[in-house]
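There are 2 protein chains.
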Amino acid sequence: MIAGSRLSLNLITVDHWSLPEAAERCAAAGIGWVAPWRHQLAKTGVERCAEAIRAAGLAVSSLCRGGFFTVPGADADNRRAVEEAAAIGAPVLVLVCGPPQDGDLPAARAAIAAGIERLLPHAADHGVRLAIEPLHPMMIGERSAIVTLGEAPALARSYASPHVGVAVDAYHVFWDPQLEPLLASANGLVAAYHVCDWLVPTTDLLAGRGLMGDGIIDLPRLRALVEAAGYTGPIEVEVINPSLAELPGDELLADIKARFARI
Amino acid sequence: MIAGSRLSLNLITVDHWSLPEAAERCAAAGIGWVAPWRHQLAKTGVERCAEAIRAAGLAVSSLCRGGFFTVPGADADNRRAVEEAAAIGAPVLVLVCGPPQDGDLPAARAAIAAGIERLLPHAADHGVRLAIEPLHPMMIGERSAIVTLGEAPALARSYASPHVGVAVDAYHVFWDPQLEPLLASANGLVAAYHVCDWLVPTTDLLAGRGLMGDGIIDLPRLRALVEAAGYTGPIEVEVINPSLAELPGDELLADIKARFARI
Chain A
1 MIAGSRLSLN LITVDHWSLP EAAERCAAAG IGWVAPWRHQ LAKTGVERCA
51 EAIRAAGLAV SSLCRGGFFT VPGADADNRR AVEEAAAIGA PVLVLVCGPP
101 QDGDLPAARA AIAAGIERLL PHAADHGVRL AIEPLHPMMI GERSAIVTLG
151 EAPALARSYA SPHVGVAVDA YHVFWDPQLE PLLASANGLV AAYHVCDWLV
201 PTTDLLAGRG LMGDGIIDLP RLRALVEAAG YTGPIEVEVI NPSLAELPGD
251 ELLADIKARF ARI
Chain B
264 MIAGSRLSLN LITVDHWSLP EAAERCAAAG IGWVAPWRHQ LAKTGVERCA
314 EAIRAAGLAV SSLCRGGFFT VPGADADNRR AVEEAAAIGA PVLVLVCGPP
364 QDGDLPAARA AIAAGIERLL PHAADHGVRL AIEPLHPMMI GERSAIVTLG
414 EAPALARSYA SPHVGVAVDA YHVFWDPQLE PLLASANGLV AAYHVCDWLV
464 PTTDLLAGRG LMGDGIIDLP RLRALVEAAG YTGPIEVEVI NPSLAELPGD
514 ELLADIKARF ARI
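Chains as they are written, first to last, in this note's numbering: chain A, 1 to 263; chain B, 264 to 526.
Below, the structure written as C-alpha cells:
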C-alpha cells in the first residue's frame, strides 16, 4: 500500500478500464486504495482481480455492492457478494438496499432489515463489514428504499454488531439540513465515505455526477463531520459520469489526486 | 364553484392550453378549482385571467409561484406575485424558495428565511397566505434549498403568523421515512396539498411525473396524514409531464377525475 493518502479510487469512476488495467494505473499514479464493483470482478474473474490488486501493491477499501433485499432471490447473491469481498481483501461490502416493489415503503424497509439480518452471520464469518448506504431520494424507485442519513444509522445500530455500519456518500446525503446531528448520531458506525460533487444543473439521475470542486457540495465540511463521527479510513472517490472516459487516463488520475487534496 | 369535490387542477398540468381555455374546459368537466402559474397569467394578462376564472365559475386554490429568495432582486418580484395572487382570488401563494448560490446551504436557508420575513407584511396586507413548499432533494441545485418536510414547517412556524404555512406535494416528500411524525408536527400549517405520482423508472428530474396511480406513491395514506394535520381544502393535481399534451383534453380531464376519486 502506498502510504500517506486516504484516497481510494472507486473503480466505477473508471469503468471503461478493466480491473487489472485500473490497478496498474492507480499504482503508477500513487493511489494506494481501490474499490471494485462486482461486475468488474465478474468480467475478469475474482481470483485474477485479487492477484492484480496484490501485484500492484494496492489495498481494497470496499466492494460495491450487495443489497437489493426487496428483490426475490437476493439472499444467495448476497452471500456470494460477501465471499467475493473476502476473496479480494475488502473489509467492507457496500449495501444498496433495494427499491420498494410497490407503494408500501414501510414493507420495503422491513424486508431490507430482515435481509441484512439473514446476511449478517455470513458476513461475520468472513470478516466483512456490511455498510448500509442511504441513496439519494431520487433513486428510491430503482435502487433503494433507504434514502436518509436518519434511517441508515438507526438500522445499522439495531443489529448491535461490529459487522454492520453505514456508508456515507456525499452525493447522496449533502442536501440534508440535519447533516450535523445525524452524523453525530452515527458515531462509530461510519464504515465508508464516498465523495464526488453535485453539478448544477443536474440532468441525469444516475450518471450526472461531478468531480470534487465542480459542484455545490461543501466537501470539507462534510469530511469534518464524518471524521468527528470517528471515521478515519480510506475515502473513496466515486464519480459516475461517462464523460470521464473521454479524458486521458493519466490526466484523469492526476486531476482526481489534485482535487482530493483540496477536500 | 362546483360543489362536492376537492379536486383542483394545477394548470401546469395543461400548460399547453391558455388559461381561459383551461378554465372553460375545467368548468365543462365539472372541475371546480384551478391553480394557475404566473407565466400563464403573464401570457394572457392578469385581469383577463381573473375574468376568465370568474366567468367559468371557478375558485382558485393557489398561485404558483413566488420564492427564489436566494437570487438578487427577488423581493420586488415576490411583491408582484402576492399582488397577482390577490388579483385572481388565490388565497395561497406557493413558494419555491430558491437554490443555494454555492456550497453554503446554511447561508441559502438563512437568505430564504429573511426573504419570507420581508415579504410577509405584504402578503398579510393582501390576505394571501405564503406556502413554503419543500421540493424533492434532487431539485436543490436549481430550485430550492428547502428540501424536507422537517424544515419547512419549522420555518413556517418561526413567523408565528397565520399568513405563512406549508405546501405539501406528494411527489416531493413521499420518500421520507418520517412522514407520519413530520406531518403530525405540521398540524395547522398545511396550506396546500399537491398530488401526482412517482414513476419507475424516473428518467427526468423535472418533467417525469406521472398521473396518480401510475407510480409508487401511497396517495391514500399521504392524504390521510395531511387531513390528520388539519388540511381539508382543495387538493391540486399537478403533473409536470409533456406527454399529457398528446391526449385529447376531454379524455385527460376525465381520467384525472377518475384517478382522483381513488386517492
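Positions of the beta carbon are idealized from the N, C-alpha and C atoms, including for glycine. Keep in mind that this is a model prediction, so the values were computed, not measured.
Segment contact: the stretch 36-43 of chain A against the stretch 273-283 of chain B, fewer than three CB-CB distances shorter than 8 Å; contact not assigned. The beta carbon of B/E490 sits closer than 8 Å to no other beta carbon from its chain once the five residues preceding and following it are set aside. Taking C-beta atoms as the reference points, B/S407 and B/C360 count as a pair closer than 8 Å.
When Cβ-Cβ separations below 8 Å define contact, B/T495 makes no contact with chain A.
Distances from the CA of A/P248 to each of A/A29, A/L7, A/S8 were compared; the closest alpha carbon is that of A/A29. Counting along the chain, the unbroken alpha helix (DSSP H) around A/E227 starts and ends at 219-228.
About 28 Å separates the beta carbon of A/A191 from that of A/P242, a gap too long to meet the 8 Å contact definition. Boundaries of the alpha helix (DSSP H) around A/D75: 74-87.
Of all residues in the stretch 415-433 of chain B, none has a C-beta nearer than 7 Å to a C-beta of chain A.
For a cut-off of 8 Å, the C-beta gap from B/L445 to B/G413 is around 6 Å, short enough to register as a contact. Residue pairing by DSSP places B/A521 in no beta bridge whatsoever. Taking 8 Å as the cut-off, the beta carbon of B/A371 is found no closer than this to the beta carbon of B/I395. When Cβ-Cβ separations below 8 Å define contact, B/E405 makes contact with chain A. For A/Y193, the pairing in a beta bridge is given by DSSP as A/V168, A/I235. Taken through DSSP and simplified to helix, strand or coil, A/C26 comes out as helix. For B/A387, the three-state secondary structure derived from DSSP is helix.
Between B/T333 and B/P363, the C-beta gap is smaller than 8 Å, which places the two residues in contact. In this structure, B/G366 sits away from B/A322, with a CB-CB distance that is not shorter than 8 Å. With its beta carbon less than 8 Å from one in chain B, A/R109 belongs to the interface. Taking the Cβ atoms as the reference, B/A313 lies roughly 15 Å from B/C289, outside the contact range of under 8 Å. Those residues of the stretch 208-234 of chain A placed with their C-beta closer than 7 Å to a C-beta in chain B are I216, I217, D218, ordered along the chain. Judged by their CB atoms, B/V309 and B/I275 are not nearer to each other than the 8 Å cut-off.
Rounded to whole angstroms, the Cβ separation of A/H163 and A/R129 is 5 Å, and the two are in contact under 8 Å. 8 Å or more divides the Cβ of A/L120 from the Cβ of A/A85. Closer than 8 Å to the CB of A/Q40 there is not a single CB belonging to chain B. About 13 Å separates the CB atoms of A/A184 and A/V166; that is not less than 8 Å, and the two are not in contact. Assigned with DSSP and collapsed to three states, B/S421 falls in helix.
Cβ proximity to chain B below 9 Å picks out nothing from the stretch 45-67 of chain A.
B/Y434 and B/L304 have their C-alpha atoms spaced approximately 25 Å apart. Under the Cβ distance rule, A/H136 counts among the residues neighbouring chain B, one pair being separated by less than 8 Å. Non-local beta-carbon contacts of A/S5 in its own chain, meaning distances under 7 Å to residues more than five positions away in sequence, involve G32 in chain order. In its chain, beyond the 5 residues on either side, W198, V200 have a beta carbon closer than 7 Å to the beta carbon of A/I216.
Between B/I526 and B/R486, the CB-CB gap stays under 8 Å. The closest CA to that of A/S61, considering only A/L9, A/L95, A/A74, A/V239, is found on A/L9. In this model, B/F331 and B/L474 are separated by some 27 Å (Cα to Cα).
Going by beta carbons, A/L205 and B/L468 fall inside the 8 Å limit.
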